[in-house]
Each structure stands twice: as structure tokens, then as C-alpha cells.
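Only one structure is covered here, and it is reproduced in the block below.
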Amino acid sequence: MSQVDVNTEAWIDQYLKRQLSPDENQRFESRMQNDPDFLQEVILRKDIVVGIRVAEDRQLRERLEHIRLSVEKGEPVRPQGRTSSRRLVLWLVAAATAAALAYALFVWA
Amino acid sequence: MQPLTDTDSHILQSIRSGDTAALEALYVQAIPIVTREMGGQRRAHKWLQDALIRLRTDVRNGRLKREPNENLVEYLARRVRERWEQYQQEKELDARIIECLQSETDNGWAFYYMQRYYFPSISYYIRSNGGTEEDAKDIIMDSIYALLYNIREGKYVAQDTTKLKTYFYSICKNKWKDYAKKRKNNMIVSLLDGFEPEDDDAHYYVAYEDDVLNERQKVVAEVFQQATERCHRILSYFYYDNLSHTEIAEKMGYQNADTSKEQKKRCMGKLRLALLKRLGGNPDMDE
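Take a look at the structure:
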């Protein structure tokens, strides 16, 4: 199956995000049963969504690991993740400094 | 439940709206606690990271379960403590299972235990890969015999780093792969089964480990990293954080939800194409 149209794409998204009503869900599943191309497209898209989520989890873990190393070395931590909140960024930098200090005290003790 | 502190509600709101910096902020706060309590063990830090990733998923799904009066940092510290307790219990159990399987006469308990407690995650794996619960039961039984054989032949040696569970999963996984190959034609595709990790922790921690993903999902995870910054954000907002197109439009500075919908479709199309290219252009390829 080549690319699907906007509505079909939205329909598949709703199915994968479990946003369809039981009736619609049934309609969707019977389409999959009767249309092998459609089924393959849904499976493909399901894999894409799983892949995106896995990639996001990994990326977050990498950033956290980076932060951990900075804290252990007593280096300043700068948020790298997405944010639209300036207040959060300021707070994060303050918290990171405190954490690095606490860590240093712990090691020293 | 006590009202949240100002910072906690701010952080939760940020996580819900897809701000990953909020998670980093929480992490930084929780590090000293975990360091103090667990003496800075590498393992404990990994568990803390797991707890944050889990927190993000739970917030997305509206399934965050906190004790009364617990703030977010305390919540994370509790999750790590629970993992630690679970780890110690599992270590003792591993030793008991192995000892039990080694005994010629009395290994009924080990059989019972493994069938009962390993079932949820193995069944999860098999259902995500085209099988049924019944298949899972068969595979577990076959795998226990294989493990028994390996232990008696000295092919399995208990190690501190590899849990018995992990080893057992790999046996189950290989058995399922063989089985699935033979039965390719009448596989039951139950798409949503096993798609979203369910409430149970056992499911969750196994759900996104590499050996549970199929080839295509692994490739997507790689290809996605090469997406443009813009596409990366839109697709994460939409598929990871479950934001609506109205919310995405606001975050991306688009005029309205329709623009967001259009952009998301375009990004998805690009990702889909990059994926198929990498897989050799065969959209029907499943493994």
C-alpha cells in the first residue's frame, strides 16, 4: 500500500492510540481482516510508533546519563531537553548545583 | 491527598505537555537521595532512570500512582527502593530455582513458580509477535525443559550480572522464533495486544528491551534519530506525548491544528519512506 490519505491516517492513529469507540474499533478490525494491504499498512505504522517511543526513551536515558556524569564531576548541568518554561530552566540549574554539592559532600564524608 | 507543591505541579504540567527538561530537573533532584540511600551503585542509577522513563509514560497515560503526601522526588526514590527489594528477592529466588531444578526428585516447585511468575512478560512478548496465550504456555513449558537440560549439563552457570529471568527469556524468545517460522501462514495478528505496556511493571521493563523489539521497530528507532529537529518534535509530541494537534500547533508556532496535522503527515511520510528504504523497499517484511 502506498501512502494513505489524511483521513485514513487519522483513523489509523486513533486506532493505535486506542481512541476509537468499541463500534468504530470493530469496524476498523473488520477492515483489517478484509483488506490485506490495509492490515500491512497498520502493522507498519504500529512498528513506527513503537520505534518512535523506543527512540524517545533511549534519548531521554542518554541525557540522564550525561547529567549523572556531570553531577558526579561537579560540573554545571544545563537542560538539553525540550522546554518552553524559562522558570523551569532556572530552577533546574539551581537544583543541579545543589545536587552536585550534595554529591560532593556525600563522597567527601 | 495533600495539594502538590508548586514546583511539583509545575513539573507534572510540563511533563504532560512534552517538556523533557522537566524530567531532567526531577532527575537532578533525585540523584543525591539515591546516592545517599544506595551508596551510588551503578544499578541504582539505572533504576532511577527507569523510574523517570516510567513516570513519563504514566503521566502520558494518566496512570501515575503516588502514595498520599508523596512528592515527585519521594515517589522516584520509592520506586528505586522497590526495585532494589525486588532485585534482592529475585536473586534469592534464582538461587532457589536453580537448586530446585538441579534436584532429581523434587523440582515441581520450580516448574510451578516459573510458569506462574514468568508468564505475564513472556506472554506479552509472544502476543506482541503474533502468538496467543496458549502459545505462551507451550513455549514456557518447552523452555523450562531446555533450561533444566542446560543446568544439568553445566551449560548455564549462575552469574551476578545475568539474572536467570533474562537467560530464560532468551531461551523462550529463540523457541518462539523457531516456532513462528514454521507456522508463518496461520499466525494470528492481534495488533493491539501487547502494544501498550500494561500496568504491570514486569511487562514494562521487558517491553522496550532490545530483544523484544522486531527488526523493523529497531530500524525505526535508528532512522528516527536522523529526522529533522522539527519532525522529531512533531512526531514525539503526537505519538509519544499524545498531544492534540491544537496543542502541537501552539508549541510549534503553527497557525492552527490543520497545519500541525499536515506537517505531521508529511513527517510521518518521510519517516515511513526512510524506513522502507533501509529495509530494502519491501513493505510486507515483518521481521
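Chains as they are written, first to last, in numbering that gives the first Met the number 0: chain A, 0 to 108; chain B, 0 to 286.
We put the beta carbon where it would ideally sit given N, CA and C, even for glycine.
Since this is a predicted model, take the numbers as computed values, not measurements.
{"Item": "Taking the alpha helix (DSSP H) that B/Asp137 belongs to, which residues open and close that run?", "Value": "132-151"}
{"Item": "Would you say B/Ser235 reaches chain A, if we count a Cβ-Cβ gap shorter than 8 Å as a contact?", "Value": "yes"}
{"Item": "Do you know offhand how far B/Val79's Cα is from A/Val70's?", "Value": "19 Å"}
{"Item": "Which residues in chain B have a C-beta closer than 7 Å to the C-beta of A/Lys16? List them in chain order.", "Value": "Asn241"}
{"Item": "Would you tell me roughly how many angstroms separate the C-alpha atoms of B/Ile52 and B/Thr104, rounded to the nearest one?", "Value": "44 Å"}
{"Item": "Given this structure, state the Cα-to-Cα distance separating A/Leu59 from B/Leu234, to the nearest angstrom.", "Value": "15 Å"}
{"Item": "If you run the structure through DSSP and keep just helix, strand and coil, what is A/Asn33?", "Value": "helix"}
{"Item": "In the DSSP assignment, find the unbroken alpha helix (DSSP H) run with B/Phe237 in it and report its ends.", "Value": "No alpha helix (DSSP H) holds B/Phe237; DSSP gives it neither H nor E."}
{"Item": "Am I right that A/Ile66 and B/Val219 are in contact with their C-beta atoms under 8 Å? What's the rounded C-beta distance?", "Value": "26 Å between Cβ atoms; not a contact."}
{"Item": "By Cβ distance below 8 Å, which residues in the same chain neighbour B/Ile139 in space, the five residues on each side in sequence not counted?", "Value": "Met113, Gln114, Tyr117, Phe118, Ile121, Cys171"}
{"Item": "For B/Leu25 and B/Leu63, what's the separation of their Cα atoms in angstroms?", "Value": "15 Å"}
{"Item": "Within the present structure, is the beta-carbon of B/Arg215 separated from the nearest heavy atom of the ligand GDP by less than 7 Å?", "Value": "Ligands are entirely absent from the displayed structure, and the ligand GDP is therefore not among its contents."}
{"Item": "If you measure from the beta carbon of B/Lys260 to each beta carbon in chain A, is any gap under 8 Å?", "Value": "yes"}
{"Item": "Checking 8 Å against the spacing of the C-beta atoms, do B/Glu23 and A/Arg57 come in under that value?", "Value": "no"}
{"Item": "Can you give me the Cβ contacts of B/Glu36 inside the same chain, cut-off strictly under 8 Å, excluding the 5 residues immediately before and after it?", "Value": "Ala43, Ala76, Val79, Arg80"}
{"Item": "By a C-beta neighbour count over all protein chains shown, 10 Å radius and 16 as the cutoff for buried, is A/Val5 buried or exposed?", "Value": "exposed"}
{"Item": "Please classify A/Pro21 as buried or exposed, where buried requires at least 16 other C-beta atoms within 10 Å of its C-beta.", "Value": "exposed"}
{"Item": "May I ask which residues mark the beginning and end of the alpha helix (DSSP H) holding A/Asn6?", "Value": "5-15"}
{"Item": "Spatial neighbours of B/Trp175 within its chain, please: C-beta separation below 6 Å, excluding the five flanking residues on both sides.", "Value": "Ile125, Ile138"}
{"Item": "So is B/Val156 buried or exposed if we call it buried at 16+ other beta carbons inside 10 Å?", "Value": "exposed"}
{"Item": "Taking A/Arg51 as the reference, which of B/Cys266, B/Asp18, B/Phe167, B/Arg41 has the closest Cα?", "Value": "One point to set straight first is that residue 51 of chain A is Ile, not Arg, in the sequence displayed. Answer by Cα proximity: B/Cys266."}
{"Item": "Just the C-alpha distance for B/Tyr253 and B/Gln262, rounded to the nearest angstrom, thanks.", "Value": "10 Å"}
{"Item": "Take the Cβ of B/Asp177 as the centre, count every other Cβ of all protein chains shown within 10 Å, and call the residue buried at 16 or more, exposed below.", "Value": "exposed"}
{"Item": "Within 8 Å of any Cβ in chain B, is that where the Cβ of A/Ile66 sits?", "Value": "yes"}
{"Item": "Please confirm if the segment 10-19 of chain B is in contact with the segment 237-252 of chain B, defined as three or more CB-CB distances below 8 Å between the two stretches.", "Value": "yes"}
{"Item": "What does B/Gln254 touch in chain A if you count any residue whose Cβ is under 7 Å from its own?", "Value": "Neighbours of B/Gln254 on chain A: none; closest Cβ ~17 Å, over 7 Å."}
{"Item": "Would you please verify whether the beta carbon of A/Asp34 is less than 8 Å from any beta carbon of chain B?", "Value": "no"}
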